[in-house]
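Participant:
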Ligand SMILES: [Zn+2]
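Numbering (the working numbering), first residue to last: 1285 to 1574.
#1: Can you look up residue 1362 in the DSSP assignment and give me helix, strand or coil?
#2: Got a sec, what are the start and stop residues for the beta strand (DSSP E) residue 1400 sits in?
#3: Let me confirm a value: residue 1358 is counted as buried when at least 16 other C-beta atoms fall within 10 Å, else exposed. Which label applies?
#4: For residue 1296 and residue 1347, what's the separation of their Cα atoms in angstroms?
#5: Which whole runs of the alpha helix (DSSP H) in the stretch 1502-1551 are 4 residues long or more, in chain order?
#6: So, with DSSP's three-state summary, where would you put residue 1468?
#7: Where are the alpha helix (DSSP H) runs, 4 residues long or more, that stay fully inside the stretch 1428-1484, in chain order?
#8: I'd like to confirm something about residue 1501: is its beta-carbon nearer than 8 Å to some heavy atom of ligand 1, or not?
#9: Tell me whether the beta-carbon of residue 1303 lies closer than 9 Å to the beta-carbon of residue 1529.
#10: Can you list, in chain order, the residues of its chain whose CB lies under 7 Å from that of residue 1287, leaving out five sequence neighbours each side?
#11: For residue 1335 and residue 1514, which I take to be in contact (beta-carbon distance under 8 Å), what is that distance rounded to the nearest angstrom?
#12: Once you ignore the five residues that flank residue 1402 on each side, which residues in its own chain have a CB closer than 6 Å to its CB?
#13: According to the neighbour-count rule (16 or more other Cβ atoms, all chains shown, within 10 Å of its Cβ), is residue 1326 buried or exposed?
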């Protein structure tokens, strides 16, 4: 599967391939907004072709059953295997106890290369990080501004790569995005993508302080225009080598360690540790003062 996608060759040749690492695809089964209703790719494919984007990593929209949603993404990937990479969407709470099974099917049968988690569903869990470690695949985790978890996962799972999209906040939470830069600088396994980031100076600062190796080009298509998002990378004015890292080299490196035969796969957990539904600091008086 790795060879079919040319990861080895692409890494060796220093190819000029442009890879969009963040795009949604397929139908959601909700009707709240585009994010859980539909992520149609027709327009995206035209936009991406015009922008010179060669490949795209896709994952589901929000869905009430990610085994179903991942299956649809797998069909799309299989329809153009040299155009798409797949990421397995998992729900930290609803999929508790079956994350291993979901990811195993996605990696072994679908040829997927990573895991997607969103805090809108629930917070990232150890179960998911353990599975990512076993398969040596990156986790793309949107913390919706709660970037403090990065400090924990970076230390607890130094061998797992975490891509924190939107510099930590799709909704431009400046404090979160600014904090994320510090995490990028200090932790070798923490990365970000550029999708939806509007404050250009933060992108500049991230590249200057953390280096081009820590930044991945992503668009958040099909809802954002991949050509518009790509232009943000162009105007950073990076050296050709650094630009190539951002545009595809970093993504290829992060997915290159993937294993079909998982390392020390954790046993299925019949009773996983309880989830923290809300953030509560045991030493913070106000969290208990009501
Ligand atoms: Zn997204």
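Each residue gets a CB set at the ideal place from its N, CA and C atoms; glycine is no exception.
Facilitator: In brief:
#1: Position 78 of the chain shown, counting from 1, holds the residue named residue 1362. Residue 1362 falls in the helix class under three-state DSSP.
#2: Start at 1 with the first residue of the chain shown, and residue 1400 comes out as number 116. Run containing residue 1400: 1398-1402, per the beta strand (DSSP E) assignment.
#3: Sequence index remark: in the chain shown, residue 1358 carries index 74 (1-based). Residue 1358 comes out buried.
#4: As a first step, residue 1296 is located in the chain shown; it is residue number 12 there, counting from the start. As a first step, residue 1347 is located in the chain shown; it is residue number 63 there, counting from the start. Residue confidence is low: residue 1296 scores 49 on pLDDT, short of 50, so the model does not pin down where it sits. No coordinate-derived value is stated.
#5: 1510-1518, 1524-1528 and 1534-1539
#6: For the purposes of this step, residue 1468 is taken as the residue at position 184 of the chain shown. If DSSP states are grouped into helix, strand and coil, residue 1468 belongs with the helices.
#7: 1433-1440 and 1458-1470
#8: Within the chain shown, numbered from 1, the residue matching residue 1501 stands at position 217. Every heavy atom of ligand 1 is 8 Å or more from the Cβ of residue 1501, so no.
#9: Here the question's residue 1303 lines up with position 19 in the chain shown. Here the question's residue 1529 lines up with position 245 in the chain shown. No, the Cβ-Cβ distance between residue 1303 and residue 1529 is not below 9 Å.
#10: Position 3 of the chain shown holds residue 1287. Residue placement at residue 1287 cannot be trusted, given a pLDDT of 46 that sits under 50; the coordinates are not used to answer.
#11: As a working note, residue 1335 is residue 51 in the chain shown. As a working note, residue 1514 is residue 230 in the chain shown. Residue 1335 to residue 1514, Cβ: 5 Å. Contact.
#12: As a first step, residue 1402 is located in the chain shown; it is residue number 118 there, counting from the start. The residues are 1426.
#13: Here residue 1326 corresponds to residue number 42 of the chain shown, with the count starting at 1. Residue 1326 is exposed by the Cβ-count criterion.
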